[in-house]
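J.:
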Amino acid sequence: MNMTWIALIIGLIMLIMAFAAIYAKKLAVAIIAAGVVSLLASILYLTLAAPDVAMTEAAIGSGLSTIIFFYAINKIRKQSHD
Amino acid sequence: MEIFQLEYITLITGGLLVLTGLWGIISQKNLIRMVIGFSLFDTGLHVIMISIGYIRNGTAPILDKAVDKVNAAGQIVDPLPQALVLTAIVIGLGVTALMLAYVVRLHKEKGSLNITNFKDLKW
Amino acid sequence: MSIIAKLLWVLLGLFIILNWGLLMGALIRKIVARVGKRVGIRWYQPWLSLPMLYSTRSSISHGVMYYLGPVFRLSGGVGIFLFMPLIVGSPYFDNFSFAGDVVVILYFQFFGMLGMALGAGEGGHPYSTIGISRGLAQFTTVEVPLTLAVISLAIQYDTLSIKEIAAAQQGGITNWTLFTNPLATAAALLSMLGIFRHAPFNLVQAPNEIPIGPPTEYHGTYLGVLRTNGAILHVIEAVLFMNLFFGGAGNWIELIIKTFFIYFFTVFIGVVFPRFRIEQSVVWFLKVPLVLGILAILFMAI
Amino acid sequence: MIKKLIYILVLVGAGIIMAQLFAGFSGSTELSETARYYVESGPEETGAANLVTAVIVTYRGLDTLGEVTILFTVAAIIAFFMKTREQRDKPKRRVSEILTTGARILVPGTMLFGAYIFINGHLSPGGGFQGGAIIASGFALMLLAFPQANLSHKTIRWVESISGFSFVIIGVLGIFMAGGFLDNSILPLGNFGSLFSAGAIPIIYIFIGLKVGAELSNVVGHMHEKQKEI
Amino acid sequence: MVTPIFIIATGLGLAFALGFIPKKHINLTGILSFLGLAFMTFISGQWLFSYLGNNELSQFIFTAGARPPFAIALKMGQAEAMITLLINVVGLLSAVFLYDKLKQIGRNAFIIYLVLIMALNVIVMTRDLFNLFVFLEITSIATAGLMLLDSNLKTLSAGFKYLLATSLIAGVFLIGTIFIYSFGGSLFIDDLTAIGMAPLKAVSVAVFLLMISIILELKPFPANGWGLDVYQTANPGISSVISGGTATAMLFALYKIMPLSTMQSYDILIWVGLITFLGSNLMGLKQSDARRLLGYSSIGQIGLMISIIGMKPYIQFDIQIILLAILITHLMAKAGFFWLTGIVGNTDISKWGMIRKHPEMLFLMGTFVFALIGFPPFPSFFGKWQLIMELSSSGHFLWIGLILLGSLIEAVYLFRWLGYAIKKETATQSSIDIRPHKTLPTIIFAVFLYGVGYLASFWFPMGGSINWLPLAFIAILFALDFLPAWIKNIISIAGLSYYAYQIIPEQEGLYLIFAFIFLIGGILTLIPGFTNKGKRIGFYPVAMMMFVGMGMLIEAQSMLEFFFGWELMTAGSYFLIIRGHRSMPHALSYMLFSLGGAYLIFAAFGIAFAGSGNFLMSGLSTMGGLGGIAYTLLAIGFMTKTASLGLHIWLPGAHAEAESDVSPMVSAILLKAGVLGLIITFMAMGGPNNEYTTLPYVLGWLGAITALVGNLAAAFQEDAKRLLAYSSIGQLGYILFALAMMTHLGWLTGIGYSLSHFAYKAILFMGIGAVVLRLKTHNMFEMGGMIKKMPFTFIAVLMGIITLAGIPPLIGFAGKWLFYNAIIEKGWYFQGTIIFFAGIIAFLYCFRILYAVFLGQLKDEHRNVKEAPIWYLIPQYLLLLSIMIFSAKPEWIFQPLGSMLAPIFPQGQLVWNEGGTAFSDIGYWNGSWVMYIIGIMFVMIFAWLFIQNRKPKKVKQFNIVYAGEKPERPETTHMAYNMYSGYNKALGFITANGITTFWNWISEHVTAMGDSLRKIYSGNGQTYVFHIILFVIIVYLFSNGGF
């Protein structure tokens, strides 16, 4: 079935991205990778017939969350410059 | 049982994400990466939950013209896990934000993001 | 027997014992002197010195307890005498032995010792304390074999009454505890050496040093009292051993002979052996005599 | 190295435990009794077409209240962190023209979109959280474009307080006027499928949307301000 | 009735609404918050009230107009009402405590605080798993926020670790929840229990995850480093909420979800809980930070409660009541204690001496320590009691052992701490923060503890029969502590007299003897207290506590009452002992040995309950098949009080360092409680022909050796009171030996000895105590010549010594005489010989104390010493009078004693003839005659000397034959130091301190073990997370026996 294949591929990418998020050299990359994992998760939710959750994940998990992460590392970077 | 089903794939993906997240939390010394690990862990959990609520070939639990009230029961997926996940996502965001705020403050205090440097309390 | 009659008989017994004690003391000293190639005292010397001491005019006191020390001491000696039956089967010379058995006697020994110790203590002379502490220390282990022996006898004769123990040994020399229970006798005899405090167990008095302490402090009448007690005590202790181990005495002659030899035995040993230090003597009593005592009990109990 | 090995072993252990859980799961083909109830009685009881919304706002309204509380608390705590320092920022960061212009157009749009989502929460996918999140994103965008924007904490706080308080009040009204705490039938259920239906759900969802939006904005704002200080 | 929804509505609504209030009106914010908390408290209180008395069914509160499982339902039953009430009370009081702090931080602090308390309430009430998850998260976030009330690096890192750990735990919970939903189709706990899920492996794993995550929230050892950090660094007000509120709510959550799981899971709880209890307390041993220490203690106690939840299947009694009793105690005491650390402000426990400046604070601390350990009258006493009884009747002795061991270890550090507070000198001058809003909550909880203790006694079988009147009397004495000492002394004596008047006439047999010793003895030993000027703060209540405890031993019909009295007595005596100058370490070891002993007794009572099925003291004679063990435990337990060899090391210090008038109390009287216990044990064993022959035999040897070692050690002491203390050990050895003979004569000896020991030891300790009081030293070589200055004391002491030594004619000899007869009759010759040897050794110290204190040379600095105070002499002479009377007429005491013993030991009684001669099978003795003969003879000889001697000249002190010299100084001629050096050389090895070394070795190694164990808390938050995962896996492996 198509859906299943899509899910499988997305799942694999998610895992790769997850490892990237952990092992990426630069924090920014790591954060973006984590955001991508969330984004892919929201696609999975769509395939699983959960549009509400998908929206939420997209808006919160990959959107806001990433923003907050960035704010945080930004802030940290500035702290260490001083 | 047949493994090659949508919900199984997603379930296992979720499970592996959870483990990956845990791995991130316990293996990375960088506080930010630990928080990233936690958010992966969280995402994995949510994927698992949604997979659990999936009904094979079901549609979204929204009644409209395609899904009418009478036949809905046979067509849609379980709305409850979705509701739970909604809540859980928001909670996860809250926790992540709080953790990050802590991380920023910790860094401010000690100028380091390495968790091994925060061992002032022990024994 | 009326109480008055009883008292008279007791006083008579006391009189005999006292005099025999004085004589025995003199004889022993004489013998010891002769062994040492000296002349020694005259046999009647004690009868001379005792009145002399009692009639000394000047005397001092360090305080009440000092004063009472000799009283305690003599009470101790006379008390043992009072609780001791002297002649087997004689209702006249069993004193007040009805008031208590051998246990009373064993424990009453301490009465005089303690009183004397306290009296000397109040004198404030350092040597008194040294002597007393040594005496008490040695005495603790001396008593152990004796206790064992007494227990052995109690098992053997099924009684603690001295009268009955002595009575049970009548009817021939083979009935003496000496032969029926030689182990207990041996243990007791060894412990007797300590009780009489002759050499080798005389560090307590340390004849060369200690006597400048209490015996000098206790002078005159006090010393008289102490001498009186010494005479009584030596005999009466010997009587105790006689009653327990040597068949008791059927009459006064027997008593005199037996006590003489019992006492002489201790002196004889003392002449032969050198003096022990206090920790040596303490340990010594816990070796051979103790083992003998234990064997004596095992022998009787099984 | 050994340490890593131990970690891996432990995670394998955790994986095995999880696998045993998964092994018991045998893909469902029909709804559980609970879910069936939601499908069968949900529309009648709540009047909401979006069953997820019905569950979230009504049946499990208490969870939602808790969730809102979490955001609220987090915002308050992050405000704590701010407490100790009140310095003003020094350097002004130059923001590109494109961004400011884009933001001028985008921000109001995003906000409106967010509002739309939570107002229609009972009918279509989305609701208070999503809407709130979108509003907060718009807010974040605005901060990005106008770092100096003097955002009014007071306004945000008022929005937050009013919406939260109203949520609780509506919930309490449910006790007196309907079946229980957070029962949405204190208002007429209306016409199934229309905007003004599903009793108090839209109202609650609006408050949730406002509140979440305000709280998230608050969080973002605080993070932002923290960034500004130093 | 206000529906409990309003707890949520109030908490949240208020939290949201506080946003309306402008910043400057912070006081309004505060007041509103308090009102909110108060209202929440009121709601739960009101519900609890409605459940009291009438067994109403618990009520479900539905939300959203739908029934569960479709909507979330809350439950408000009796348990929920109780628990929420407790949480809200802690919340309210903690808020009072924190008021200035919250105000300083501002509105948000109040908001978060309100949210936290509200969330805890919901955790208790909710019946929905996911709802539970949400509120768990709220709790952990709010806690992480409140950590920042004191914002520094430590709180930050602790808060982060906490957040990380709890979020992870919540994740585990969430996995469990969703799978439960998948398998059970519901999230409603009652539904899930009712339908019973399929017995699949996966189901059990899901339930396991739920359970383990709640357990993890409760900070099980060793996955709890994050929890400890929080306890240590959080503001004490917050720590108290965490320990009192959060933990309580989590415990209830655990209790709530347990029905989902299988029987096997209950065992997990038990073991996890017990290991936590033990491990945590063990690690606390070396902790010196007050708050972290309390953290260890909290975690330990919570572990205990976890295990109790797990014991539910094994316990017939309502487990909720047991839990509640322990929970309330822990909650109030721990919260109070945390507040106290906030009041004192120094977190180094060795610096807590400063609390002494405020006796009322010290009182609070004492209350909390004793409550935590489970002393009466606190509720946990009853809870633990019932728990041990129940476990015993289901045969789980290992658990009992672990629980008692853990409690003992906890006692070690808590009492060490208390000791520091009471006694340790401290240089720091930091002041204590006693503003009312800090102290008030603490005081309230302390008062509650007593009140709830009273109520709790009625929850348990037999608890209602406890006589609370004397305890009320003690409470009144505490309240009257501001009065001068002499008034309190009068009150105490009056009270004790009334108590004696109530009790003694009802007693018969041996109990009468001991009632007499305890109560009349108490009155006599209180008399010297009149010499005290000033207030003597804290003395009278604790003294009464001890005497009342002993009175309760007499009164006790049930084992519960007995144990109640026993513990009360221990507590009282501990405080009495620690009052002495250098008593701190001795009081601690006293307490520990006493507690250890008490726990053994406790365990034995448990066995008795298992055997007999009831709590009556008579149950002790039906032990089931475990009699041998039970009686051994009892004997060892009681021997800790009688200080038998091996268990005696506490005694010398404790008795010697105690105050002058306390020593006689604890020596002459308190020790007899142990004797009473032994007598009860032996009687329960079934009299002379019982089946347990080994135990008495062993005890006989032990008694003999104790007597020897005790007496020998006494002879070598330089400290007068230590000498007497060791002598007590020896004398109690005699008594043990005598009782162990299990014959008529043996018991006659033992009980006779108990009586005479009471009399002469009281005399001696009062006499020597008076000397110490006058000379301000304990060292005998610094004394001397006191006969001139304190003649009346000397006479009393002399008579006491003569009695002690057993020299005829005084009554002490009766003991010796009986011994000979009893030993020969029994056939215990060698033990007997040791006893006699010991008896003779007694002369060494008898002489030593008389000589070194009263005789010899008077020291220059003591020339102006006065006779002992009259209040010391009165009781001494009263006792002396009784000694004299009974010495002259021993049959007056021994004949009735014999007839009391006749029912138990009909064989081998003494025969008394009309003249007062006692006949045994082998010997005879007439006390009166011996007395008359010796008395008359003594007088006659005295008269003879007096007549002969006429008037001796009194000489001055140094006028001795000293080689013609006058001694330089009195010291050089007072040969009191190292008096028996030769003897020491010969036999000193017997007293070599092998036993002390042994106990030191034990304590060192246990401490070292705890110390190395706690190294796992590396301070690294990541490691803690790893611990959590590992913990889950290991517990899983254990519970499944593999994957």
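Residue numbers (the numbering used here), protein chains in the order written: chain A, 1 to 82; chain B, 1 to 123; chain C, 1 to 302; chain D, 1 to 230; chain E, 1 to 1043. Ideal placement from N, C-alpha and C gives every residue a C-beta, glycine not left out.
Nearest to F181 of chain D by CA position, among E:A371, E:I490 and E:L74, is which residue?
T.: The residue given as residue 181 of chain D occupies position 181 in the fourth sequence. Per the Cα distances, E:L74.
J.: Closer than 8 angstroms, Cβ to any Cβ of chain A: which residues of the region 116 to 130 of chain D, in chain order?
T.: Under the 8 angstroms Cβ criterion, the region 116 to 130 of chain D contributes I117, P125, G126, G127, F129 and Q130.
J.: Using a C-beta to C-beta distance shorter than 8 angstroms, which residues of chain B count as neighbours of V134 of chain E?
T.: Locating residue 134 of chain E in the fifth sequence gives position 134, counting from the first residue. Correct list: T87 and I91.
J.: Just list the alpha helix (DSSP H) runs in the region 780 to 845 of chain E, keeping only unbroken ones of 4 residues or longer that don't cross its boundaries, in chain order.
T.: You should have 786 to 789, 791 to 805 and 812 to 826.
J.: Along chain D, in chain order, which residues have C-beta atoms closer than 8 angstroms to that of T4 of chain A?
T.: Along the first sequence, read from residue 1 onward, the residue named residue 4 of chain A stands at position 4. Per Cβ cutoff of 8 angstroms: no residues; T4 of chain A is ~12 angstroms from chain D at best.
J.: Got a sec? Which residues, its chain only, sit under 6 angstroms from R88 of chain D by beta carbon, not counting five neighbours each side?
T.: Along the fourth sequence, read from residue 1 onward, the residue named residue 88 of chain D stands at position 88. In this predicted model, R88 of chain D has a pLDDT of only 45, less than 50, meaning its place in the structure is not dependable; the value taken from the coordinates is given anyway. No residues qualify anywhere along the chain.
J.: Y38 of chain D: which of D:G209, D:V57 and D:I70 sits nearest, CA to CA?
T.: Position 38 of the fourth sequence, counting from 1, holds the residue named residue 38 of chain D. Comparing Cα positions, the closest option is D:V57.
J.: Based on the DSSP output, what are the partners of W912 of chain E in its beta bridges?
T.: As a working mapping, residue 912 of chain E is identified with position 912 in the fifth sequence. According to DSSP, W912 of chain E bridges with E:A918.
J.: Do the CB positions of I735 of chain E and A714 of chain E come within less than 9 angstroms of each other?
T.: Position 735 of the fifth sequence, counted from the first residue, corresponds to residue 735 of chain E. Position 714 of the fifth sequence, counted from the first residue, corresponds to residue 714 of chain E. In this structure, A714 of chain E does not lie closer than 9 angstroms to I735 of chain E by Cβ.
J.: Nearer than 8 angstroms: is that true of the beta carbon of L739 of chain E relative to any heavy atom of the ligand ZN?
T.: Ligands displayed in this structure: none; no statement on the ligand ZN is therefore possible.
J.: Helix, strand or coil for T29 of chain D? Go by DSSP, reduced to three states.
T.: Within the fourth sequence, residue 29 of chain D is the residue found at index 29, counting from 1. Residue state, collapsed to three classes: coil.
J.: Compute the distance between the beta-carbons of I947 of chain E and F854 of chain E, then report whether it is under 9 angstroms.
T.: By one-based count along the fifth sequence, residue 947 of chain E stands at place 947. By one-based count along the fifth sequence, residue 854 of chain E stands at place 854. Contact flag unset, no.
J.: Which value, in whole angstroms, describes the spacing of the CA atoms of G123 of chain C and M116 of chain C?
T.: The residue given as residue 123 of chain C occupies position 123 in the third sequence. The residue given as residue 116 of chain C occupies position 116 in the third sequence. Their Cα atoms are separated by approximately 11 angstroms.
J.: Once you ignore the five residues that flank S166 of chain D on each side, which residues in its own chain have a CB closer than 6 angstroms to its CB?
T.: Start at 1 with the first residue of the fourth sequence, and residue 166 of chain D comes out as number 166. Only F207 meet the Cβ criterion.
J.: Is it buried or exposed, H107 of chain B, if we count other Cβ atoms within 10 angstroms and call 16 or more buried?
T.: Along the second sequence, read from residue 1 onward, the residue named residue 107 of chain B stands at position 107. By the neighbour-count rule (16 or more Cβ atoms within 10 Å), H107 of chain B is buried.
J.: Can you tell me where the alpha helix (DSSP H) with K110 of chain B in it begins and where it stops?
T.: By 1-based counting over the second sequence, the position of residue 110 of chain B is 110. Where K110 of chain B is concerned, the enclosing alpha helix (DSSP H) stretches over P79 to K110.
J.: Listed from N- to C-terminal order along the chain, which residues in the region 51 to 80 of chain D have their beta-carbon within a distance smaller than 7 angstroms of any beta-carbon of chain B?
T.: Residues L51, V52, V55, I56, R60, D63, T64, E67, I70, L71, V74, I77 and I78.
J.: So which residues of chain B does A1077 of chain E contact, with C-beta pairs closer than 8 angstroms?
T.: What the structure shows of chain E is the stretch from 1 to 1043, and residue 1077 of chain E is not part of that stretch, so it cannot be assessed.
J.: Per DSSP, which residues does F192 of chain D bridge with? Please list them.
T.: Counting from one through the fourth sequence, the residue named residue 192 of chain D turns up at place 192. Answer by DSSP bridge pairing: none, since F192 of chain D is not bridged.
J.: Taking the C-alpha atoms as reference points, what is the distance between L292 of chain C and G419 of chain E?
T.: Translated into the one-based positions of the third sequence, residue 292 of chain C becomes position 292. Translated into the one-based positions of the fifth sequence, residue 419 of chain E becomes position 419. The alpha-carbon atoms of L292 of chain C and G419 of chain E are separated by roughly 53 angstroms.
J.: Let's test the definition: count the other Cβ atoms within 10 Å of the Cβ of V288 of chain C and tell me whether it reaches 16, buried, or not, exposed.
T.: Numbered from its first residue, the third sequence carries residue 288 of chain C at position 288. V288 of chain C is exposed by the Cβ-count criterion.
J.: Mind listing, in chain order, the continuous alpha helix (DSSP H) runs of no fewer than 4 residues lying wholly within the region 19 to 81 of chain D?
T.: The region 19 to 81 of chain D contains these whole alpha helix (DSSP H) runs: 33 to 46.
J.: 9 angstroms is my cut-off, CB to CB: does E109 of chain B come that close to chain D?
T.: Here residue 109 of chain B is taken as the residue at index 109 of the second sequence, counted from 1. No, because no Cβ of chain D sits closer than 9 angstroms to the Cβ of E109 of chain B.
J.: Three or more C-beta pairs closer than 8 angstroms, one from the region 880 to 899 of chain E and one from the region 767 to 780 of chain E: is that the case here?
T.: No, the region 880 to 899 of chain E is not in contact with the region 767 to 780 of chain E.
J.: What do you reckon, are the CB atoms on M49 of chain B and I178 of chain E nearer than 9 angstroms?
T.: The residue labelled residue 49 of chain B in the question sits at position 49 within the second sequence. The residue labelled residue 178 of chain E in the question sits at position 178 within the fifth sequence. Cβ atoms of M49 of chain B and I178 of chain E: closer than 9 angstroms.
J.: Is the shortest distance between the beta-carbon of G1041 of chain E and the beta-carbons of chain D less than 9 angstroms?
T.: Position 1041 of the fifth sequence holds residue 1041 of chain E. No, no contact with chain D.
J.: Mind pulling the chain B residues with CB within less than 9 angstroms of R1014 of chain E?
T.: Position 1014 of the fifth sequence, counted from the start, is the residue given in the question as residue 1014 of chain E. Going along chain B in sequence order, the residues near R1014 of chain E (Cβ under 9 angstroms) are K122 and W123.
J.: Closer than 8 angstroms by beta-carbon distance: list the chain B residues that pair up with E45 of chain D, in chain order.
T.: Against the fourth sequence, residue 45 of chain D aligns to sequence position 45. Correct list: empty, because the minimum Cβ distance to chain B is about 12 angstroms.
J.: Rounded to whole angstroms, what is the Cα-Cα separation between G284 of chain E and W271 of chain E?
T.: Stepping through the fifth sequence from its first residue, residue 284 of chain E is reached at position 284. Stepping through the fifth sequence from its first residue, residue 271 of chain E is reached at position 271. The straight-line gap from Cα to Cα measures roughly 19 angstroms.
J.: Tell me which residues share the same chain as T84 of chain D and place their Cβ nearer than 7 angstroms to its Cβ, disregarding the 5 neighbours each side in the sequence.
T.: Translated into positions along the fourth sequence, residue 84 of chain D becomes position 84. In this predicted model, T84 of chain D has a pLDDT of only 49, less than 50, meaning its place in the structure is not dependable; the value taken from the coordinates is given anyway. Cβ neighbours of T84 of chain D beyond the five flanking positions: none.
J.: Which whole-angstrom value is the C-beta distance of A411 of chain E and M591 of chain E, which I expect to be below 8 angstroms?
T.: Here residue 411 of chain E corresponds to residue number 411 of the fifth sequence, with the count starting at 1. Here residue 591 of chain E corresponds to residue number 591 of the fifth sequence, with the count starting at 1. So it is a contact: roughly 7 angstroms between Cβ atoms.
J.: Can you tell me whether N489 of chain E is buried or exposed, with buried defined as 16 or more other CB within 10 angstroms of its CB?
T.: By one-based count along the fifth sequence, residue 489 of chain E stands at place 489. That one is buried.
J.: With 9 angstroms set as the bound, which would you pick, yes or no: does the beta-carbon of V71 of chain C sit closer than that to a beta-carbon of chain E?
T.: Here residue 71 of chain C is taken as the residue at index 71 of the third sequence, counted from 1. Cβ-Cβ to chain E under 9 angstroms: yes for V71 of chain C.
J.: Using a Cβ cut-off of 7 angstroms, pull out every chain B residue sitting near L8 of chain A, in sequence order please.
T.: The count along the first sequence starts at 1 and reaches residue 8 of chain A at position 8. Those within 7 angstroms of L8 of chain A in chain B are I9.
J.: In chain B, which residues lie with their C-beta within 9 angstroms of the C-beta of F22 of chain D?
T.: If you number the fourth sequence from 1, residue 22 of chain D lands on position 22. In chain order: Y8, L11, I12, G15 and I48.
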